[in-house]
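K.L.:
Structure provided below as structure tokens; questions to follow.
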Amino acid sequence: ISDIEIACVTDSTSGKACRKARSLDYPIVVCSDKREQETAVKKATDRIGGCDYLISIGWTYRVPSQSLTVPKQEALNIHSSYLPNYKGLSVHRVQWANAEEEGGVTVHQMDESFDTGEIISQQKYKIGLFDTPLTMTYMIGELSATLLREAILKIEQGYDGVTQSRGGEYYSLISWVTVLKYGIINHIYRAI
Numbered sequence: 001i002s003d004i005e006i007a008c009v010t011d012s013t014s015g016k017a018c019r020k021a022r023s024l025d026y027p028i029v030v031c032s033d034k035r036e037q038e039t040a041v042k043k044a045t046d047r048i049g050g051c052d053y054l055i056s057i058g059w060t061y062r063v064p065s066q067s068l069t070v071p072k073q074e075a076l077n078i079h080s081s082y083l084p085n086y087k088g089l090s091v092h093r094v095q096w097a098n099a100e101e102e103g104g105v106t107v108h109q110m111d112e113s114f115d116t117g118e119i120i121s122q123q124k125y126k127i128g129l130f131d132t133p134l135t136m137t138y139m140i141g142e143l144s145a146t147l148l149r150e151a152i153l154k155i156e157q158g159y160d161g162v163t164q165s166r167g168g169e170y171y172s173l174i175s176w177v178t179v180l181k182y183g184i185i186n187h188i189y190r191a192i
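Below is the structure:
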């Protein structure tokens with residue numbers, strides 16, 4: 001993939017992603033109010049003259065339907081599980097709390113629902129007994145870069161994706177206290 005222009009919409013001006021975007025001179029639009037997402041997406045894409053792909057990575061809100069029509073090619077979400085399992089927000093925390101032995105990353109088309117669009121690419125990874133939500137975040141990040149590239153190449157070749165099978169539970173953002181309480185108990189059982 002070459003000749004790409006990138007603009008970032010973020011909820012904060014701090015953090016690694018924002019620092020990296022700044023160092024690469026990518027335009028950054030801050031959107032700390034979910035009601036302003038559509039305006040923020042439009043402002044960001046206008047700065048680079050439109051976009052082929054709208055990509056959501058770690059965004060805690062459902063992208064508004066109107067914004068899904070902005071890209072010329074596709075609106076994609078990078079999700080931190082092997083869909084259809086573990087839909088929702090920061091689900092790697094729940095996977096760790098449940099002492100799962102494997103996690104996954106999925107790149108899927110965004111539609112009007114949350115984490116239900118056609119799957120373009122996905123991969124599982126092993127969660128070791130001594131992994132933490134932080135080490136899982138690093139694994140997810142590494143897989144995300146590879147799977148996003150793969151997804152864009154597939155779409156460019158005419159791939160439409162695979163419909164998700166039914167099922168999978170949704171999770172809201174779970175507090176760290178709850179994650180640790182259940183995670184420690186479940187990891188002891190897993191070790192035994």
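Take the sequence shown: its letters are residues 1 to 192, numbered as in our numbering. We put the beta carbon where it would ideally sit given N, CA and C, even for glycine. Values in this document were obtained by computation on a predicted structure and should not be read as measured data.
Which residues in the same chain as Gly183 place their Cβ atom closer than 6 Å to its Cβ, once the five residues preceding and following it in sequence are excluded?
P.N.:
Position 183 of the sequence shown, counted from the start, is the residue given in the question as residue 183. If we look at Gly183 and ignore the five residues flanking it on each side, its Cβ neighbours are Trp96, Ala97.
K.L.:
Give me, in chain order, the residues of the same chain whose beta-carbon lies closer than 6 Å to that of Ile55; leave out the 5 immediate sequence neighbours on both sides.
P.N.:
On the sequence shown, position 55 is the one that residue 55 refers to. Correct list, in chain order: Leu76.
K.L.:
Would Tyr143 be called buried (16 or more neighbouring beta carbons within 10 Å of its own) or exposed?
P.N.:
In the sequence shown, counting from the first residue as 1, residue 143 sits at position 143. The sequence shown places Leu at residue 143, rather than the Tyr named in the question. With 16 or more Cβ atoms within 10 Å of its Cβ, Leu143 is classed as buried.
K.L.:
Find the nearest neighbour of Thr10 within the set Leu24, Ser23, Lys34, judged by alpha-carbon distance.
P.N.:
As a first step, residue 10 must be located in the sequence shown, where it is residue number 10. Nearest option by C-alpha distance: Lys34.
K.L.:
By the three-class DSSP mapping on this structure, what secondary structure does Thr106 have?
P.N.:
To locate residue 106, count along the sequence shown from 1; it is residue 106. Strand at Thr106.
K.L.:
Could you tell me the alpha carbon to alpha carbon distance between Ile174 and Asp115, rounded to whole angstroms?
P.N.:
Here residue 174 is taken as the residue at index 174 of the sequence shown, counted from 1. Here residue 115 is taken as the residue at index 115 of the sequence shown, counted from 1. Spanning the two alpha carbons is a distance of roughly 17 Å.
K.L.:
With a 10 Å radius around its C-beta and 16 neighbouring C-beta atoms as the bar for buried, classify Ile1 as buried or exposed.
P.N.:
For the purposes of this step, residue 1 is taken as the residue at position 1 of the sequence shown. Because Ile1 sits at a pLDDT of 48, beneath the cut-off of 50, its placement in the model cannot be relied upon, and the following sentence gives the value as read from the coordinates. Under this definition Ile1 is an exposed residue.
K.L.:
Kindly indicate the opening and closing residues of the beta strand (DSSP E) around Val30.
P.N.:
Residue 30 sits at position 30 when you count from the first residue of the sequence shown. Val30 -> beta strand (DSSP E) spans 28-30.
K.L.:
Can the beta-carbon of Ile57 be found closer than 8 Å to that of Glu100?
P.N.:
On the sequence shown, position 57 is the one that residue 57 refers to. On the sequence shown, position 100 is the one that residue 100 refers to. The answer is no: Cβ separation not under 8 Å.
K.L.:
Output yes or no for whether 8 Å exceeds the beta carbon distance between Glu118 and Gly161.
P.N.:
Within the sequence shown, residue 118 is the residue found at index 118, counting from 1. Within the sequence shown, residue 161 is the residue found at index 161, counting from 1. Yes, the Cβ-Cβ distance between Glu118 and Gly161 is below 8 Å.
K.L.:
For Ser32, does the count of other Cβ atoms within 10 angstroms reach 16, so buried, or fall short, so exposed?
P.N.:
The residue you call residue 32 lines up with position 32 of the sequence shown. Ser32 is exposed by the Cβ-count criterion.
K.L.:
From Lys181 to Ser80, what does the alpha carbon distance come to, in whole angstroms?
P.N.:
Numbered from 1 along the sequence shown, position 181 holds the residue referred to as residue 181. Numbered from 1 along the sequence shown, position 80 holds the residue referred to as residue 80. Rounded to whole angstroms, the separation of the alpha carbons of Ser80 and Lys181 is 21 Å.
K.L.:
Beta-carbon separation of Tyr159 and Ile120 under 8 Å?
P.N.:
Counting from one through the sequence shown, the residue named residue 159 turns up at place 159. Counting from one through the sequence shown, the residue named residue 120 turns up at place 120. Yes, these two residues count as a Cβ contact at 8 Å.
K.L.:
Take every Cβ of the stretch 144-153, pair it with every Cβ of the stretch 102-111, and state whether three or more of those distances are shorter than 8 Å.
P.N.:
yes
K.L.:
Label Ala191 either buried or exposed according to how many other C-beta atoms from any shown protein chain fall within 10 Å of its C-beta, with 16 as the threshold for buried.
P.N.:
Looking up residue 191 in the sequence shown gives position 191. Residue environment for Ala191: exposed (fewer than 16 other C-beta atoms within 10 angstroms of its C-beta).
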